[in-house]
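Read through the structure below, which is laid out as structure tokens, and then see the notes.
Number of protein chains: 2
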Amino acid sequence: MSTANIATLVAYDCWSLLEGAEIARVAWQGEDGIELIPVNYTVADGSLWFRTEADSSLARGTAGHEVVVEVDHVDLADHAGWSVVIRGGAELVDVLDVPDMLVDMRVWPTGAHTVFVRVEPDRVTGRRLWAARPNEGDA
Amino acid sequence: MSTANIATLVAYDCWSLLEGAEIARVAWQGEDGIELIPVNYTVADGSLWFRTEADSSLARGTAGHEVVVEVDHVDLADHAGWSVVIRGGAELVDVLDVPDMLVDMRVWPTGAHTVFVRVEPDRVTGRRLWAARPNEGDA
Numbered sequence: 015m016s017t018a019n020i021a022t023l024v025a026y027d028c029w030s031l032l033e034g035a036e037i038a039r040v041a042w043q044g045e046d047g048i049e050l051i052p053v054n055y056t057v058a059d060g061s062l063w064f065r066t067e068a069d070s071s072l073a074r075g076t077a078g079h080e081v082v083v084e085v086d087h088v089d090l091a092d093h094a095g096w097s098v099v100i101r102g103g104a105e106l107v108d109v110l111d112v113p114d115m116l117v118d119m120r121v122w123p124t125g126a127h128t129v130f131v132r133v134e135p136d137r138v139t140g141r142r143l144w145a146a147r148p149n150e151g152d153a
Numbered sequence: 015m016s017t018a019n020i021a022t023l024v025a026y027d028c029w030s031l032l033e034g035a036e037i038a039r040v041a042w043q044g045e046d047g048i049e050l051i052p053v054n055y056t057v058a059d060g061s062l063w064f065r066t067e068a069d070s071s072l073a074r075g076t077a078g079h080e081v082v083v084e085v086d087h088v089d090l091a092d093h094a095g096w097s098v099v100i101r102g103g104a105e106l107v108d109v110l111d112v113p114d115m116l117v118d119m120r121v122w123p124t125g126a127h128t129v130f131v132r133v134e135p136d137r138v139t140g141r142r143l144w145a146a147r148p149n150e151g152d153a
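Chains as they are written, first to last, in the working numbering: chain A, 15 to 153; chain B, 15 to 153.
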């Protein structure tokens, strides 16, 4: 885009932002079009992890497929924010096989969350948008 | 999902929530997989509208295609929130042809935003998640 108040983020900044947030939106190709839901996530071992139930649409829809994960921060008062997008393959990992730091991972929905979805990033991109100065004209 | 602290929202509630928010995440099928970005939006004439530049990836990627739009609110302190998802066809509309209330629509990126993307909803779904009570066990 040719807009002047958006800048691309380098990978290091993308990962720093990812490590400081806790909600992502994950999209995948469902049978009936793109599925898109918010989820809790954690960064570990260079991957993004979601914790869910074995029969959830998240587990069934993403396992073995490419997914797109978006994490952002929106500052409604200042009209600013950032967005990081991760693309990668998703695989299911049993709770018995995840890195130690994930065993106690809490997620907001109740239930027996016995599986994890691991997203191993192929590509990470991000951008930051800051408030337009008055003379930049944000019509 | 079999989780007990998530409830489905009726269409009326979905639209009420949509009318009170201003940032959406829009996903579409790009040439290189699913694209997913945050955008400003407005509700008018029963549709969702984005304002953008004619040569933006948003305009070029969505025009004439099905898109998925997600709007949510996340309460990090209470571990609660809601999410509404709209599916529908997207079409480009020139600024000269939009409903009057949209002519002055402001978006956060700077630039000459001469086109609008109108998303006419085919399907609107939503759900609300509230904080788990201690005895519900959110492991």
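Just so it is clear, CB atoms sit at the ideal spot from N, CA and C, and this is done for glycine as well.
- When the beta-carbon positions are compared, I48 of chain B and I48 of chain A come within less than 8 Å of each other.
- If you draw a 10 Å sphere on the C-beta of E33 of chain B, you find fewer than 16 other C-beta atoms in it, and that means exposed.
- The C-beta distance from W144 of chain A to A94 of chain A rounds to 5 Å, short enough to fall under 8 Å.
- Comparing alpha carbon positions, the residue from A:Y26, A:M115, A:V109 and A:E80 closest to G102 of chain A is A:E80.
- Of all residues in the stretch 27-47 of chain A, only E36, I37, R39, A41, W42, Q43 and G47 come within less than 8 Å of chain B when Cβ atoms are compared, listed by chain position.
- Going by C-alpha positions, I51 of chain B is about 10 Å away from V83 of chain A.
- When DSSP reads this structure, W42 of chain B sits in a beta bridge with B:E49 and B:V81.
- The straight-line gap separating the alpha-carbon atoms of M119 of chain A and L90 of chain B is approximately 16 Å.
- V109 of chain B and A68 of chain A have their C-alpha atoms some 47 Å from each other.
- Straight-line spacing of the CA atoms in R74 of chain B and D114 of chain A works out to 44 Å.
- Nearest in C-alpha terms to R137 of chain B, of all of B:V117, B:D111 and B:G60, is B:G60.
- In the DSSP annotation of this structure, the continuous segment of the beta strand (DSSP E) that includes G103 of chain B starts and ends at A94 to D108.
- Flagged as an interface residue toward chain B: V88 of chain A, by a C-beta distance shorter than 8 Å.
- Assignment of G140 of chain A by DSSP, reduced to helix, strand and coil, places it in the strand class.
- Taking a beta-carbon distance threshold of 8 Å, E80 of chain A counts as an interface residue toward chain B.
- Annotated three-state conformation of D89 of chain A is strand, per DSSP.
- Considering only A:R147, A:V129, A:N19 and A:R141, the residue with the shortest C-alpha distance to H87 of chain A is A:R141.
- Counting only residues of its own chain and dropping the five nearest sequence neighbours on each side, W122 of chain A has a CB closer than 8 Å to the CB of N54.
- Residue-level contact by beta carbon holds for R101 of chain A and chain B, with a gap shorter than 8 Å.
- Close partners of L106 of chain A in chain B (Cβ separation under 7 Å) are lacking, with about 16 Å as the shortest Cβ gap.
- Against chain A, the beta carbon of P52 of chain B has neighbours under 8 Å at E84, D86, V88, G95 and S97, listed in chain order.
- In the DSSP assignment, W29 of chain A falls within the unbroken alpha helix (DSSP H) covering A25 to E33.
- Shown here, R132 of chain A sits in a strand according to DSSP, grouped into three states.
- Around the C-beta of V98 of chain B, 16 or more other C-beta atoms lie within 10 Å, and the residue is accordingly described as buried.
- R65 of chain A sits in a strand when the DSSP states are folded into three classes.
- For T22 of chain A, the enclosing beta strand (DSSP E) covers residues I20 to T22.
- Rounded to whole angstroms, the separation of the alpha carbons of I100 of chain A and N19 of chain B is 28 Å.
- A58 of chain A: member of the beta strand (DSSP E) spanning T56 to A58, first to last residue.
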